[in-house]
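Written out below as structure tokens is the structure these notes cover.
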Amino acid sequence: MIAGLGLLVGIFLGLLLQPDVPLWLEPYLPIAVVAALDAVFGALRAFLDGIFDDRVFVVSFLSNVLIAALIVYLGDKLGVGGQLSTGVVVVLGIRIFANVAAIRRHLLHA
Amino acid sequence: MPDEPERSTTDSPPQMWIGLLDHITAHSMDEDYANVSRRRSSGSPRDQRDVRPGVAAMVMLGLFGLLVATAAVQTSRNAVAAESGREGLITQIKARSAKVDATRDRIVETRREVERLQTQFLDDTEEGRAISRRLDRLGTDTGSLAVTGPGVKVVVDDAPDATSSQQEVLDQDLQKLVNALWESGVEAISINGQRLTNLSAIRQAGSAITVNYRSLARPYVVSAIGDPNSIPARFVETEHGAEWLDLEATFGLQFDLTSEESLTLPAATRLDLRYATSSEGSQ
């Protein structure tokens with residue numbers, strides 16, 4: 000499957016190249032990963048629902064990552080970076096759990 | 000950007016009447032998937048696309064994998080950096096404390112050398128020998144010389160399974176003990192190898208008791224030189240000695256007084272007078 004191949008190639012490239020993350024970007028990396036995870040699980044659920052769409056996935060992925068990083072950046076500037084990160088992680092965490100639950104229902108019919 | 004989803008006819012947005020958390024759970028999947036799918040099934044021809052993931056999805060997932068791998072690599076790299084920083088600090092601490100120990104040893108050595116030279120110099124003349132004897136006596140009194148003789152050894156410790164600070168030996172308890180010993184007529188005292196001088200303070204510093212600015216570890220061994228036959232009896236007659244027996248009986252503090260035929264008390268490590276000078280002038 001072409002998408003899974005993309006994932007494998009991405010991980011492989013990351014491990015192989017080990018790119019240096021610039022210092023100013025470092026605090027936003029973990030939150031970006033969580034946001035991306037949310038978009039990916041949403042896409043998987045949409046795929047299983049039969050309503051997957053390439054364009055929606057691309058847009059949701061990019062906007063998720065950007066907005067999550069932007070919120071944390073804004074919080075850092077306002078001095079509430081930690082609290083805002085927690086808020087973002089809570090909301091994305093709830094979404095991920097709900098999506099995984101739906102995926103599980105699809106795959107296991109339970 | 001995808002089009003704004005068509006809202007239902009209610010006036011207020013849904014999160015106002017179903018609660019924020021419920022709303023998040025109910026809309027955990029991007030609403031645009033449903034919107035696009037609805038538009039597609041309504042049959043507008045330009046939206047007739049494949050529902051299977053295409054090249055764009057593959058690229059995005061590749062990006063996702065790259066992101067995850069980079070984050071993981073970065074985290075482990077930071078952990079390694081933090082660990083090596085910690086180890087560097089530990090090495091520095093060890094090196095510095097070794098240096099302090101060496102310097103301390105040198106101080107002791109130099110002081111011994113000074114004493115030796117002093118004795119050598121004084122022993123040359125009759126007058127010098129008199130001064131030397133006087134120095135010896137003063138040194139024994141003030142604690143700058145090690146002394147030996149018969150005496151008593153008092154070992155005190157916290158109550159077994161102490162739960163409150165009343166069941167622990169505090170600085171004031173040690174002070175009482177030392178005062179009671181002085182009152183009973185002892186001539187020199189050391190606590191855990193720290194000789195008491197007229198400048199010594201017994202103080203609580205954090206959770207430890209310090210004597211001569213050195214922290215002591217339990218149990219506290221108080222060695223005192225004096226008449227081993229009379230001290231125990233006179234000890235219990237003093238006010239503070241009686242208080243100690245009370246402490247032992249009431250709070251279970253451990254107290255053990257034994258007579259010793261021969262005790263050696265070390266010299267005090269610091270005896271620096273910074274302000275006081277002799278008013279008699281030079282002798």
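Top line first, the protein sequences correspond to chains B and Y. Sequential numbering from 0 applies to the first sequence in numbering that gives the first Met the number 0. Sequential numbering from 0 applies to the second sequence in numbering that gives the first Met the number 0. Just so it is clear, CB atoms sit at the ideal spot from N, CA and C, and this is done for glycine as well.
Item                                                                                                                                : Value
7 Å Cβ shell around VAL99(B) - same chain, five flanking residues per side excluded                                                 : PHE40
Exposure label - PHE51(B); buried when at least 16 CB within 10 Å                                                                   : buried
Reduced DSSP category for ASP226(Y) - H, G, I as helix; E, B as strand; rest coil                                                   : coil
Distance CB(SER163(Y))-CB(THR237(Y)) smaller than 8 Å                                                                               : no
The beta strand (DSSP E) enclosing ILE188(Y), as first and last residue numbers                                                     : 187-190
Three or more C-beta pairs below 8 Å linking the region 27-44 of chain B and the region 85-98 of chain B                            : yes
Secondary structure of GLN17(B), DSSP reduced to three states                                                                       : coil
Contact residues within the region 58-90 of chain B, judged by C-beta distance below 7 Å to chain Y                                 : VAL58, SER59, PHE60 and VAL90
Nearest candidate by alpha-carbon position, reference LEU14(B), set VAL154(Y), TYR32(Y), THR74(Y) and ILE17(Y)                      : THR74(Y)
Listed by chain order, chain Y residues near LEU124(B) by CB distance under 8 Å                                                     : Because chain B here runs from 0 to 109, residue 124(B) falls outside it and cannot be looked at.
Chain Y within 8 Å of LEU12(B), Cβ atoms only                                                                                       : yes
The region 64-84 of chain B in contact with the region 86-96 of chain Y per 3-pair CB rule at 8 Å                                   : no
Cα-Cα separation, ASP123(Y) to ASN197(Y)                                                                                            : 31 Å
Partners in chain Y for ARG44(B), counting only beta-carbon separations shorter than 9 Å                                            : SER27, MET28 and TYR32
CB of ALA56(Y) within 8 Å of CB of ALA34(B), strictly                                                                               : no
Contacts around TYR27(B), its chain only, beta-carbon distance under 6 Å, and the 5 residues preceding and following it disregarded : ALA68 and VAL71
Distance between PHE11(B) and ASP46(Y) (C-alpha atoms, nearest Å)                                                                   : Caution is warranted here: a pLDDT of 49 is assigned to ASP46(Y), below 50, making its placement in the model unreliable, and the coordinate value is therefore given only provisionally. Cα-Cα distance, rounded: 34 Å.
ILE50(B) at chain Y interface by Cβ criterion, 8 Å                                                                                  : yes
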